[in-house]
Structure formats: structure tokens, C-alpha cells
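Below is one structure, written out as C-alpha cells; the observations come after it.
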Amino acid sequence: MDKFDCIIIGAGPAGVAAALTLVRKGLTVAVFERGEYPGSKNLFGGVLYSTILNKLIPNFWEDAPVERHITKRRYSLLSQNSEMAVEFDFDDFNHPPFNNSFTVLRSKFDRWFAQKAEDAGAVIFTETVVDDFIYDNGKVSGIKARREGGDVYADVIVCAEGANSLLTEKAGLKEKPLPHQMITASKEVISLPREVIEDRFSLNNDEGMALEFFGGAVKGMIGSGFIYTNKDSLSVGVGCPISVIKENNMKPNDLLELFKSHSVIKKLLRGGKTEELSAKMIPELGYKNLPKLTVDGLLIVGDAGGFVNPSLYREGTNMAMYSGVAAAEIILEARQSGDFSEKGLEGYIKSLKDSFVMKDLERYGDVPEKISEMPQLFKEYPDAVLKFAEGYFTISDLSKDELHRQAWKGFKDKVSIGKFLWDMYKARKAIL
Ligand SMILES: Cc1cc2nc3c(=O)[nH]c(=O)nc-3n(C[C@H](O)[C@H](O)[C@H](O)COP(=O)(O)OP(=O)(O)OC[C@H]3O[C@@H](n4cnc5c(N)ncnc54)[C@H](O)[C@@H]3O)c2cc1C
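So, in C-alpha cells, the structure goes:
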């Protein structure tokens, strides 16, 4: 039991994608997962992006515990008690591969995915925390697992430990992230009868909707909220940089309560029953702060590598799986030459650079930092825009010209038009 071709730390999407790719080529693979079962410690917002999964397991949705495929998206700007929204409904996304976007609950999905790797030959040790790496002449050659006979060795190790990447930091590959580089998110799963969800969100059968909320979602602080529709529940959550939460003396759960108490959100959740409450972090390190991804005998994949697209796409799962598969492919190549040194593994970096992972991180990775320089996007502007709209649509005895003049004056009193247009230009450039 104490020597494998490859050891993988973490049975999330990145680790399992790597394991599945390797065992299918006949390698012996051990996966160490601290949770009681894969997924038991995992949560995310809710949309699994699946281009890579569909290559690993074609038509996976016929077998996997997916909830709904996303056909509708809605982006909302909230002020304290109003909403302005844009909604998209794509009938074409009702056909395979369903635009590669499905809501899932991680406790079910991760377990199913890990089972596929196990069925193919991976050995998964659950309830086992990995505490450190073992080194041999500077090369990572094994791990120290918190269990009897816990020193386990391998030719190469893949670290897929997720956002709270203590091992990656311990190995000196990553600085401890600063509070503005980590989002803390709280999420509830709220049950509602299936037909209520379909009526309320205008969905047919297995169609699903992703709703994102900005501005007053979190009291005008930098951050956002979300609601994703599952079969008979809603995934409801909110996230803010740790720095913002600290500055405002709040706890992550306070944010969720604030979000749920907004008049617009309350209507969408009414009658629902909270089934689960959990919190987790999302890395938003920025493209220029990504960790070192390979050293002798070790590759870093998924959230541990900072691979999350923080733009409107909020794509982490697909990046995690791509990096897991890419790491596995390079390991297979390195086996040919028997060279698991940093040099022997450098093809991994090239594969990431040639793919959507690094291209999207380069394009969007620094969005949070840019946005944090414009806090007015989250409070001052949403309030002013929604007040303007309210004035515009107010019915009174005034002529419409007079009404519009008053609404426009109210807007100009609140924001400088020049600065507003410049900020909009910068925000559009950063996000879209
Ligand atoms: C609130 C929230 C909303 C999100 N929304 C979305 C979304 O809608 N769509 C999307 O694509 N992405 C989303 N993401 C991001 C997405 O969840 C991640 O990008 C993805 O899960 C990363 O996969 P991973 O395998 O790298 O890490 P994880 O999924 O975090 O898996 C890491 C695994 O390693 C285990 N582990 C950690 N340390 C150890 C250790 N020392 N020993 C043993 N086991 C260990 C953990 O228990 C865990 O199972 C969201 C994230 C959060 C927190």
C-alpha cells in the first residue's frame, strides 16, 4: 500500500479528473480525501461547467446526478428596495450537450464522479487528511497522511487540495493569500416543491436558471449574490472578499441573511425551507499572483492553483477538470522518460497556457482587483440608476418632459456624469 505510481491529494473535480485519466492508462493511483466521502466537505454555487467532463465521460448527464441544465440567465442590479434586471432565455440550450452547464449539488456529484475513478481502479482513502509532503533530495516523493502507516510514496504527486491550500503554501509554492484575494461565500440549500420552482422561474421540465445579483445584494459592499435552481431546491448564496467583511465587521452568515431579507430575494425564496447551510472560500488571486505550479515530483491543479474565472462566468469546475487532465497527461509523458523533475513536468504549464484556463485567467483574473478600485459600482451607481428609473416610470400629473427632467437632475445630483461614463467603460472592459 505504501508506493503508488501517483498520489492525488483531494477528491474534488480536479483530483478526480486526474485520477480517472491516469487509472485508465493503467497507473496505480491513490487519492486521499479528508471528507467522510468525496463531496461531503464540498460546496459551490451551483453551475457545473462540463466541456471537459463530457470528454472524460461522454453524455455523462444520462448517468450523473445533475439537477437541471441552465437555459435561463438573469443579471440583476439591486438598490435597497428596487431591481433592474436583464434576462436571457435560450431554447437551443435544451439540446445535448445542454450548453455544458448543469446545476448540481456537490455532495451528490463529487461522490458519483469519484466512484467512476474508483470503478476504473483508483484507490480512494476517505477521512484521511494529508499533513505534509515527504522529500527525497529536494524532490517530493511522498505524503504524510493522518492515519496508521501514513507515510505513502509515489513517483509523482498531484495536489488538488482546493482553495484553502495549506500544503501548497507549506511547500513554498504560494504566499498566504491577502484578505482581498479570497472570497468568503455562504450558501444555503432551500427546498421548494418542483412545480413551485418551475412556475416561479418559468421553467419547463429540467430547464434551470442562474440568477446573479449585484449592488444592494450585500448592502452595497463589493460582492454579489446568487440563486441557482435545482430540481426541488434552490442554491442561494453570497460572497464578499474577506477584507470587505472585516472592514464592515460582519460575519459571512450576516451577509447571507442580509441578501435573503432583500424584498426582491424574499419573493423568490418564499415558502422555502433551509436544508443546509455552509461556507467556503473562492480564490481570486489575480493572474499575476498565481502560484508556482510545478516542482520536482509535484503538480498543483484546480483551486489550489488559483484557477477560477471570477468574471460573470464564475467558472471553476471546468478549469479544475482541465488542469487535472492536463497534469495527468504530462505525468503519462514523463513516465516515458522517467523524468518527474520540474523540467520533466513543464509541459503542464504549456498545456495550461495553450488552453482556455490561462487565456481566461489572463483576461479576467485581475477583474476583482480592478473592481475593488471602483466601490461606487456597488452602491452609489446602482442607487442612482434605480432612482432615475423609478423617477422615469413614476406616474403623476407632471408632463413626461418635466418628469424626465426631474429624474435626470436627481441622477446628476448624485453622480458626476463624466466619472460615471468613464467607470462604466472601465467596468465593461474588465468584466465583459
Ligand atoms: C460559494 C462558491 C460558489 C462557486 N460557484 C461555482 C459555480 O457556480 N461554477 C463553477 O464552475 N465553480 C464555482 N465555484 C468554484 C468551484 O467550486 C471550484 O473551482 C472547484 O470546486 C475546484 O475544484 P478542486 O478540485 O480544485 O477543489 P475542491 O472542489 O475544493 O476539492 C478539494 C478537495 O480536497 C480535499 N482536501 C483539501 N485539503 C486536503 C488535505 N490536506 N488532505 C486530504 N484532502 C484534502 C477537500 O476535502 C476537497 O474534497 C464556486 C466556489 C464556491 C466556494
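Here the sequence shown is numbered in this note's numbering, starting from 1191 and rising by one per residue.
Note that beta-carbon positions come from the ideal geometry of N, C-alpha and C, so glycine has one too.
Just so we're clear, the structure is a prediction, and the values are computed from it rather than from any experiment.
For residue i, is the beta carbon positioned less than 8 angstroms from some heavy atom of ligand 1?
{"i": "residue 1617", "result": "no"}
{"i": "residue 1471", "result": "yes"}
{"i": "residue 1237", "result": "yes"}
{"i": "residue 1264", "result": "no"}
{"i": "residue 1623", "result": "Lying outside 1191 to 1622, the shown extent of the chain, residue 1623 is not represented and no answer is given."}
{"i": "residue 1214", "result": "no"}
{"i": "residue 1199", "result": "yes"}
{"i": "residue 1357", "result": "yes"}
{"i": "residue 1508", "result": "yes"}
{"i": "residue 1223", "result": "yes"}
{"i": "residue 1418", "result": "yes"}
{"i": "residue 1491", "result": "yes"}
{"i": "residue 1233", "result": "yes"}
{"i": "residue 1630", "result": "Nothing about residue 1630 can be reported from this structure: the residues present for the chain run from 1191 to 1622 only."}
{"i": "residue 1341", "result": "no"}
{"i": "residue 1498", "result": "yes"}
{"i": "residue 1550", "result": "no"}
{"i": "residue 1351", "result": "yes"}
{"i": "residue 1427", "result": "yes"}
{"i": "residue 1300", "result": "yes"}
{"i": "residue 1366", "result": "no"}
State the CB to CB distance for the pair residue i and residue j, rounded to an integer number of angstroms; the pair is presumed to be in contact (CB under 8 angstroms).
{"i": "residue 1348", "j": "residue 1208", "result": "5 angstroms"}
{"i": "residue 1509", "j": "residue 1547", "result": "5 angstroms"}
{"i": "residue 1427", "j": "residue 1413", "result": "That pair is no contact at about 11 angstroms."}
{"i": "residue 1442", "j": "residue 1469", "result": "5 angstroms"}
{"i": "residue 1514", "j": "residue 1492", "result": "7 angstroms"}
{"i": "residue 1483", "j": "residue 1475", "result": "The Cβ separation is near 12 angstroms, so there is no contact."}
{"i": "residue 1298", "j": "residue 1255", "result": "4 angstroms"}
{"i": "residue 1307", "j": "residue 1454", "result": "Actually they do not touch by this definition, with Cβ atoms about 42 angstroms apart."}
{"i": "residue 1344", "j": "residue 1332", "result": "6 angstroms"}
{"i": "residue 1568", "j": "residue 1404", "result": "7 angstroms"}
Grouping DSSP H, G and I as helix and E and B as strand, with all else coil, what is residue i?
{"i": "residue 1416", "result": "strand"}
{"i": "residue 1438", "result": "coil"}
{"i": "residue 1564", "result": "coil"}
{"i": "residue 1556", "result": "coil"}
{"i": "residue 1476", "result": "coil"}
{"i": "residue 1470", "result": "strand"}
{"i": "residue 1532", "result": "coil"}
{"i": "residue 1353", "result": "coil"}
{"i": "residue 1421", "result": "coil"}
{"i": "residue 1325", "result": "strand"}
{"i": "residue 1234", "result": "coil"}
{"i": "residue 1271", "result": "coil"}
{"i": "residue 1499", "result": "strand"}
{"i": "residue 1366", "result": "coil"}
{"i": "residue 1511", "result": "helix"}
{"i": "residue 1259", "result": "strand"}
{"i": "residue 1293", "result": "strand"}
{"i": "residue 1229", "result": "coil"}
{"i": "residue 1378", "result": "strand"}
Alpha carbons only, please: which of the options is nearest the one belonging to residue i?
{"i": "residue 1336", "options": "1468, 1237, 1432 and 1199", "result": "1199"}
{"i": "residue 1582", "options": "1601, 1308 and 1350", "result": "1601"}
{"i": "residue 1338", "options": "1346, 1315, 1353 and 1326", "result": "1315"}
{"i": "residue 1619", "options": "1329, 1245, 1374 and 1501", "result": "1501"}
{"i": "residue 1402", "options": "1574, 1535, 1565 and 1277", "result": "1277"}
{"i": "residue 1302", "options": "1331, 1366, 1343 and 1250", "result": "1250"}
{"i": "residue 1409", "options": "1446, 1217 and 1194", "result": "1446"}
Only counting the same chain, and skipping five residues up and downstream in sequence, which positions put a Cβ closer than 6 angstroms to that of residue i?
{"i": "residue 1420", "result": "1257 and 1293"}
{"i": "residue 1552", "result": "1477"}
{"i": "residue 1391", "result": "1399 and 1419"}
{"i": "residue 1236", "result": "1293, 1418 and 1425"}
{"i": "residue 1275", "result": "1264 and 1266"}
{"i": "residue 1573", "result": "1269"}
Taking 8 angstroms as the limit between beta carbons, can you name the residues of its chain near residue i, skipping five residues before and five after?
{"i": "residue 1422", "result": "1381, 1382, 1383, 1384 and 1387"}
{"i": "residue 1541", "result": "1516, 1519 and 1520"}
Quick one: what's got a C-beta closer than 7 angstroms to residue i's C-beta in the same chain, skipping five residues either side?
{"i": "residue 1279", "result": "1261 and 1262"}
{"i": "residue 1350", "result": "1198, 1199, 1200, 1202, 1204, 1205, 1208, 1491, 1492, 1494 and 1514"}
{"i": "residue 1517", "result": "1208, 1348, 1489, 1491 and 1538"}
{"i": "residue 1448", "result": "1408 and 1409"}
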